[in-house]
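Protein chains: 2
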Amino acid sequence: MATIYDVSVLAGVSLATVSRVMNNNTKVSEKTRQKVLSAMDQLGYRPNTIAQSLASSRSNSVGVLVSQLDGPYYGPMMTEIETALRAGNKHVIIAADHSVESQEKDGVEFLMSRGCDALILDVEAVDDEYLINLHKGNTPIVLINRYIEEISDCCVYLDNELGGYLATKHILSQGHTDLAYVSGPLYKLDAQDRLLGHKRALKEFNVDFDKTLFYEGNFREFGGSDAMNHLFTIDKPFTAVVCASDQMASGAIAVCLEKGMKIPEELSFVGYDNIPFPQYISPKLTTVNNPIHEMGKMAAFWVLKHVYNDPKAIVENTFIPQLIVRDSATSPHK
Amino acid sequence: MATIYDVSVLAGVSLATVSRVMNNNTKVSEKTRQKVLSAMDQLGYRPNTIAQSLASSRSNSVGVLVSQLDGPYYGPMMTEIETALRAGNKHVIIAADHSVESQEKDGVEFLMSRGCDALILDVEAVDDEYLINLHKGNTPIVLINRYIEEISDCCVYLDNELGGYLATKHILSQGHTDLAYVSGPLYKLDAQDRLLGHKRALKEFNVDFDKTLFYEGNFREFGGSDAMNHLFTIDKPFTAVVCASDQMASGAIAVCLEKGMKIPEELSFVGYDNIPFPQYISPKLTTVNNPIHEMGKMAAFWVLKHVYNDPKAIVENTFIPQLIVRDSATSPHK
DNA sequence: CTGTTAGCGCGTTCAT
DNA sequence: ATGAACGCGCTAACAG
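First to last, the protein sequences are chains U and V. Take 1 as the starting number for the first sequence in the UniProt record's numbering and just add one per residue. Take 1 as the starting number for the second sequence in the UniProt record's numbering and just add one per residue.
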């Protein structure tokens with residue numbers, strides 16, 4: 001690999017000049033600039049980014065920490081982050097914790113020691129205080145899917161309470177009064193907020209929240225299956241089930257279809273997230289849009305703007321969920 | 001951030017000694033070793049990996065290039081790669097091309113200039129020659145999902161021809177003789193191989209391949225929908241459709257269910273990949289297992305073994321697909 | 001506008 | 001077993 005030195009010799013200029021044309025901060029005469037450029041070209045020169053980082057104490061890489069890399073949720077988010085950052089010529093270093101506190105902290109340390117210029121975090125196990133402290137450090141952080149008042153400027157999040165409200169309101173508006181609710185794990189903030197929204201809608205329609213028709217799942221497909229299997233054993237009628245994720249809704253619907261039930265005629269469903277797959281099954285899932293890819297992009301833009309001073313990056317912090325009506329919910333059959 | 005120098009001062013030893021206890025190559029007396037260790041501890045010292053890389057010309061990071069980050073396919077693969085590599089204390093730098101040749105080459109350059117110790121590539125647009133040349137370079141590469149004879153030792157792949165054969169054989173064994181085939185894009189090798197396997201099974205059962213019942217999709221859900229919409233317009237009977245991916249199978253089945261058809265009674269389906277989702281819909285999809293996460297792990301192990309000399313990493317290159325029988329295919333109704 | 005020089009933090013010879 | 005000194009490839013003052 002050719003170095004900056006080789007280039008300088010071939011071009012007949014000094015080391016510094018070569019560096020200048022690369023970073024075009026300072027003025028360089030057009031003539032020497034061309035000499036350098038052609039020398040770089042001849043040698044097939046590629047700057048050693050490691051050395052650049054060490055000298056400039058800037059790694060041009062941003063760390064991304066998420067709980068998992070698979071699933072319909074993080075994939076699109078990662079895609080947008082990578083695309084946005086690479087367009088700005090930055091790299092993405094990823095790490096996965098598994099919603100385990102120690103691993104989340106580990107991941108942060110790991111990325112920081114790698115000299116990341118900033119961290120994009122989608123963490124749920126660590127507490128607010130830890131993040132507030134982290135925010136005071138030298139490495140800028142941006143939080144996806146989490147709102148902390150004290151550091152709200154670096155939070156990119158969805159109004160999950162509103163989303164929960166919209167989903168349940170849609171069901172109630174169609175005349176249902178006996179609703180089951182399949183929640184996500186309640187240690188997660190988004191699960192909590194969605195439930196809050198659910199309850200608000202209930203109150204608005206003067207429908208009582210029925211604890212026995214509540215099930216805490218894990219956001220995954222089998223969480224939904226488990227929920228239905230449970231709900232069918234207890235002896236309470238219900239005409240609709242509100243699910244806190246599309247994956248759970250899908251798992252739940254599958255159980256019903258297995259039993260030969262007609263959906264939505266016998267039972268209505270709403271999901272949450274608007275992941276691609278349930279658009280392609282029957283019945284097409286009515287759900288709430290979770291613009292996770294947009295949030296990924298915004299987190300990347302936040303970094304581009306605040307860390308790399310990219311003026312083109314405009315960021316939006318708050319996202320508003322929208323109801324997406326498809327075929328899985330209808331009025332209750334009497 | 002404390003540096004190696006700070007540690008050396010606090011411990012009352014030289015710079016070199018600190019470096020020695022970190023890399024414990026050379027012998028250090030137990031006494032000084034402890035002094036250094038405690039000094040590091042007190043300062044909360046974390047080595048600057050950038051500096052380590054520059055000095056040792058080893059970045060401890062491996063580049064991963066895939067066509068996309070989302071979808072049920074790459075997520076699990078990335079998860080395994082990240083897990084395996086991080087266990088070996090290596091980082092993952094990711095880049096996404098979009099199956100576009102120029103972007104694939106760009107991605108490779110990008111990762112190499114970042115000083116990656118090795119590259120894990122899941123590329124499909126560049127030709128064999130390019131990869132063979134790359135293989136001659138200084139940066140080791142390992143290919144996922146691609147077999148190139150000349151560099152077979154660094155290929156991790158699935159026998160897609162066999163998978164295609166198994167899927168179709170399963171259908172034929174149940175008595176179907178009129179099969180439609182929904183293929184992936186034929187510029188992709190795996191799509192080609194699956195089709196080859198399909199044809200081999202056909203020949204074995206003395207069934208002619210019917211070009212009019214062939215559709216080239218894009219591996220995605222709507223590719224399957226498009227296929228069915230097309231197949232229903234042409235006036236040819238068929239009792240089963242073999243799909244080259246689960247996503248296409250799902251899209252195809254959805255179209256049928258919309259029309260009120262009974263699956264598999266009126267039409268049988270086989271998929272390919274064994275992604276999670278179609279296990280949770282009705283009917284549960286019969287498919288061929290594609291151990292993509294295993295392949296990701298093996299690629300990581302390959303790097304651990306050949307690049308970082310990890311003796312614990314044992315690697316397997318070839319993977320054998322298996323038929324997974326569920327509910328979407330049955331004998332044809334007469 | 002351009003060249004000289006001193007680090008960035010660490011690994012690695014050489015001596016001792 | 002340990003320390004001094006040099007170099008990895010590049011950026012960033014500081015001169016000129």
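For each residue, glycine too, the CB sits at the ideal point set by N, CA and C.
Taking the alpha-carbon positions, what's the residue i to residue j distance?
i	j	result
arginine 20 of chain V	valine 66 of chain V	38 Å
alanine 254 of chain V	aspartate 41 of chain U	54 Å
phenylalanine 319 of chain U	alanine 167 of chain U	16 Å
alanine 11 of chain V	tyrosine 45 of chain V	12 Å
aspartate 97 of chain V	proline 72 of chain V	17 Å
glutamate 216 of chain V	glutamine 247 of chain V	14 Å
valine 123 of chain V	valine 62 of chain V	16 Å
aspartate 327 of chain U	alanine 84 of chain U	34 Å
phenylalanine 219 of chain V	leucine 172 of chain V	23 Å
glutamine 174 of chain V	proline 291 of chain U	44 Å
arginine 33 of chain V	glutamine 52 of chain V	20 Å
isoleucine 275 of chain V	proline 185 of chain V	19 Å
isoleucine 148 of chain U	isoleucine 141 of chain U	13 Å
methionine 298 of chain V	aspartate 153 of chain V	12 Å
tyrosine 257 of chain U	alanine 191 of chain V	The sequence given here places leucine at residue 257 of chain U; tyrosine does not occur at that position. C-alpha separation (whole angstroms): 32 Å.
glycine 197 of chain V	leucine 202 of chain U	55 Å
phenylalanine 214 of chain V	threonine 286 of chain V	20 Å
proline 47 of chain U	leucine 119 of chain V	18 Å
asparagine 229 of chain U	isoleucine 94 of chain V	40 Å
leucine 189 of chain U	lysine 90 of chain V	31 Å
aspartate 235 of chain V	glutamine 68 of chain V	37 Å
tyrosine 280 of chain V	methionine 1 of chain U	52 Å
isoleucine 263 of chain U	tyrosine 181 of chain U	17 Å
glutamine 103 of chain U	lysine 136 of chain U	21 Å
serine 38 of chain V	threonine 26 of chain V	19 Å
Taking Cβ positions only, does residue i come closer than 8 Å to chain U?
i	result
methionine 78 of chain V	yes
leucine 54 of chain V	yes
glycine 137 of chain V	no
glutamate 221 of chain V	yes
asparagine 48 of chain V	yes
histidine 91 of chain V	yes
glutamate 258 of chain V	yes
glycine 251 of chain V	yes
glutamine 68 of chain V	yes
arginine 86 of chain V	yes
Using the three-state DSSP reduction, which class does residue i fall into: helix, strand or coil?
i	result
tyrosine 74 of chain U	helix
tyrosine 147 of chain U	coil
serine 56 of chain U	helix
leucine 186 of chain V	coil
histidine 293 of chain U	helix
histidine 135 of chain V	helix
serine 38 of chain V	helix
leucine 327 of chain V	According to the sequence shown, residue 327 of chain V is aspartate rather than leucine. In the structure shown, aspartate 327 of chain V sits in coil (DSSP, three-state: anything other than H, G, I, E or B).
leucine 285 of chain U	coil
Taking 8 Å as the threshold (beta carbon to beta carbon), is residue i in contact with chain V?
i	result
aspartate 122 of chain U	no
isoleucine 94 of chain U	yes
serine 99 of chain U	no
With distances taken between CB atoms, is the gap from residue i to residue j smaller than 8 Å?
i	j	result
isoleucine 81 of chain U	alanine 300 of chain U	yes
histidine 293 of chain V	methionine 77 of chain V	yes
phenylalanine 232 of chain U	leucine 179 of chain U	no
alanine 249 of chain V	proline 283 of chain V	no
leucine 43 of chain V	aspartate 6 of chain V	yes
valine 270 of chain V	cysteine 243 of chain V	yes
arginine 114 of chain V	asparagine 160 of chain V	no
proline 126 of chain V	isoleucine 144 of chain V	In the sequence as presented, proline is not what sits at residue 126 of chain V; that position holds valine. Not in contact: valine 126 of chain V and isoleucine 144 of chain V (Cβ atoms no closer than 8 Å).
valine 13 of chain V	lysine 35 of chain V	yes
leucine 54 of chain U	leucine 54 of chain V	yes
glutamate 265 of chain V	histidine 176 of chain V	no
asparagine 289 of chain V	proline 311 of chain V	no
serine 59 of chain U	cysteine 116 of chain U	yes
alanine 240 of chain V	alanine 329 of chain V	yes
Consider the C-beta atom of residue i and the heavy atoms of the ligand ATP; say whether any pair is separated by less than 7 Å.
i	result
glycine 88 of chain V	Annotation note on the ligand ATP: not contained in the displayed structure, which lists no ligands.
Return the residues of the segment 316 to 333 of chain V that lie within a Cβ-Cβ distance of less than 8 Å from chain U, sorted by chain order.
none
Under 8 Å, CB to CB, which of the residues in the segment 266 to 281 of chain V have a partner in chain U?
Pro276, Phe277, Gln279, Tyr280, Ile281
When Cβ atoms are compared, which residues of the segment 102 to 132 of chain U fall closer than 8 Å to chain V?
Glu109, Phe110, Met112, Ser113, Arg114, Gly115
Taking only beta carbons into account, state which residues of the UniProt domain "HTH lacI-type" (2 to 56) of chain V come closer than 8 Å to chain U, listed in chain order.
Arg46, Pro47, Asn48, Thr49, Ile50, Ala51, Ser53, Leu54
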